[in-house]
Ligand code: NAD
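What follows is the structure, encoded as structure tokens:
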């Protein structure tokens with residue numbers, strides 16, 4: 001049984017903590033590499049020492065398998081910390097810029113100052129990773145942070161609160177548990193930066209609230225990420241990767257392939273391969289996928305109903321159930337499900353699915369596939385499987401998405417040197433590694449006038465004669 005998140009904090013506490021953070025932020029403006037690194041090391045030590053608690057909390061929240069916790073919750077965060085510790089000195093160092101001819105006699109540098117106070121609002125689907133990952137970037141940049149984790153993953157949210165209490169004073173990092181009301185109360189405060197991960201609908205609410213104070217935002221949102229399987233694709237290779245990418249975390253992954261667009265000549269073979277991998281991954285002993293410890297559950301009743309409605313809607317409008325479809329409301333079990341014969345009026349064709357339903361559509365030319373992708377809002381990720389570089393280059397060039405992965409899916413999240421994030425409906429701003437550090441930093445241009453020429457004096461009044469000489 002899940003613990004409900006108590007409504008424990010009144011708004012005065014938010015204001016008091018926020019004022020304390022503002023004071024800390026002024027002190028931290030000149031924080032050193034050593035101070036920031038020490039904070040990250042303390043955080044890493046707690047995570048390393050408490051891995052079992054993290055695994056236990058995620059099992060409690062939605063039966064997330066331990067190896068998935070290690071790979072998708074703990075490893076990305078410790079890897080982010082290690083990468084940051086290796087590079088922070090270089091990131092913090094002011095960068096010299098070249099001097100244009102009109103500015104001769106001056107020198108210019110970019111300083112990276114902490115934006116100040118940060119608010120991190122996070123979702124439930126990778127609740128540890130998507131809360132602590134942005135915290136790493138905030139601390140690296142020298143920002144304080146107030147965190148509002150999701151109410152739908154209470155065991156992990158309580159654990160994050162416990163971790164923060166153990167590692168940081170409340171005037172540096174604080175966690176407020178709560179739901180929409182608490183989130184909106186926090187959004188009324190004039191944070192210097194808001195880092196939000198969640199749905200596009202709530203992203204708009206966050207951006208409107210940020211506009212009141214002109215707080216900057218990073219919005220990590222969702223959307224329908226397509227996987228294009230071209231005629232030249234290695235179907236066995238693609239199927240294994242797609243089944244893992246789609247059904248890890250029970251399909252509740254922002255960058256999961258939302259739907260497949262397969263070349264019409266390959267549809268039947270791809271379907272066969274996908275079914276082989278579903279069996280191999282989740283039911284090798286033929287005991288039923290519901291008995292696999294390697295397959296997570298839907299987070300709760302609201303999302304279970306939403307996904308059941310998707311399935312019912314598709315079937316009632318003529319979709320073919322090619323695999324799965326079994327559900328159990330009492331345990332929030334939702335079998336990996338594959339649908340074909342999809343039509344535009346089905347809800348699975350319209351909004352983000354965010355669960356273990358995989359619709360398969362076909363195309364006859366790569367132009368048609370590109371057209372289908374471009375007819376929808378820009379996705380968070382786009383996957384292309386195929387051996388024809390002409391087609392893969394065309395897809396990269398003629399579509400817009402946060403990231404593209406060629407011949408794989410989902411794994412780009414783990415690449416510390418690539419910007420991660422969406423575009424427009426799937427997000428604003430980028431995260432991870434250096435991009436994460438920059439999201440929480442103000443890039444301040446500093447110009448020094450050196451003794452010598454000052455070309456601008458030529459432009460001082462009286463303008464008449466001089467202006468004619470220029
Ligand atoms: P959500 O938008 O419902 O909730 C996210 C957070 O916002 C939670 O902490 C919640 O309490 C808070 N919130 C909810 N409603 C609010 C409101 N009206 N006002 C203020 N705060 C509010 O998202 P979710 O269901 O937790 O997560 C699923 C969504 O997140 C999907 O769309 C998914 O694609 C997206 N997502 C994106 C990424 C990414 O990195 N781009 C990662 C994970 C999830």
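Numbering (the UniProt record's numbering), first residue to last: 1 to 470. Even glycine gets a Cβ: it sits at the ideal position worked out from N, Cα and C.
- With a beta-carbon spacing of about 21 Å, residue 114 and residue 420 fall beyond the 8 Å limit used to define contacts.
- Ranking 428, 366, 429 and 73 by CA distance to the CA of residue 231 puts 366 first.
- Runs of the beta strand (DSSP E) spanning 3 or more residues and lying entirely within the segment 324-393 occur at 337-340, 357-363 and 381-385, in chain order.
- Burial is judged here by how many other beta carbons sit within 10 angstroms of a residue's own beta carbon; residue 41 has fewer than 16 and is exposed.
- When rounded, the separation of the alpha-carbon atoms in residue 428 and residue 93 is 26 Å.
- Per DSSP, the beta bridge partners of residue 442 are 113.
- Per DSSP, the unbroken alpha helix (DSSP H) holding residue 160 starts and ends at 154-167.
- 404 is the residue among 404, 72, 110 and 400 whose C-alpha sits nearest the C-alpha of residue 385.
- Within its own chain, the residues whose Cβ lies closer than 6 Å to the Cβ of residue 391, once the five positions on either side in sequence are excluded, are 230 and 366, listed in chain order.
- Proximity of the beta carbon of residue 125 to ligand 1 is indicated: a heavy atom of the ligand is located closer than 7 Å.
- Closer than 7 Å to some heavy atom of ligand 1: that does not describe the Cβ of residue 428.
- In terms of side-chain proximity, the C-beta atom of residue 379 is found no nearer than 7 Å to any non-hydrogen atom of ligand 1.
- DSSP places residue 403 in the uninterrupted beta strand (DSSP E) bounded by 403-406.
- If the five residues before and after residue 250 are omitted, its C-beta is found closer than 8 Å to the C-beta atoms of 62, 295, 296, 297, 298, 334, 355 and 356, all from its own chain and listed in chain order.
- The criterion of a C-beta distance shorter than 8 Å is satisfied by residue 359 and residue 348.
- When 78, 185 and 199 are compared, the shortest CA-CA separation from residue 414 is found for 78.
- For residue 375, the number of other beta carbons within 10 angstroms of its own is below 16, and it is reported as exposed.
- Beta-bridge analysis with DSSP links residue 229 to 262 and 385.
- A straight line joining the alpha-carbon of residue 15 with that of residue 21 spans about 10 Å.
- Scanning its chain for C-beta atoms nearer than 7 Å, with the 5 sequence neighbours on each side dropped, one finds around residue 307 the residues 298, 334, 355 and 357, in chain order.
- By the Cβ test, the segment 276-283 is not in contact with the segment 300-318, since fewer than three Cβ pairs between them sit closer than 8 Å.
- In the structure shown, residue 82 adopts helical secondary structure according to DSSP, grouped into three states.
- Bounds of any alpha helix (DSSP H) do not take in residue 256, whose DSSP letter is neither H nor E.
- Under the DSSP definition of a beta bridge, residue 106 partners with 449.
- The residues 282, in chain order, have a CB closer than 6 Å to that of residue 292 in the same chain once the five nearest residues on each side in sequence are set aside.
- Only residues of its own chain outside the window of five on either side were considered, and among them 311, 335 and 337 have a CB closer than 7 Å to the CB of residue 325, listed in chain order.
- Classified as exposed, residue 286 has fewer than 16 neighbouring CB atoms from the shown chains inside 10 Å of its CB.
- Residue 242 and residue 129 have their C-alpha atoms roughly 22 Å apart.
- In the DSSP assignment, residue 281 falls within the alpha helix (DSSP H) that extends over 267-282.
- For residue 193, the secondary structure class from DSSP, reduced to helix, strand or coil, is strand.
- Between residue 160 and residue 96, the alpha-carbon positions lie close to 39 Å from each other.
- Remark: the shortest separation between the CB of residue 354 and any heavy atom of ligand 1 falls under 7 Å.
- Set against 7 Å, the gap from the CB of residue 409 to the closest heavy atom of ligand 1 is not smaller.
- Unbroken alpha helix (DSSP H) stretches of 4 residues or longer found wholly inside the segment 21-109: 33-49, 51-62, 66-69 and 75-92, given in chain order.
- Here the distance from the Cβ of residue 202 to the nearest heavy atom of ligand 1 is below 7 Å.
- The beta-carbon separation of residue 224 and residue 379, rounded to 6 Å, stays under the 8 Å limit for a contact.
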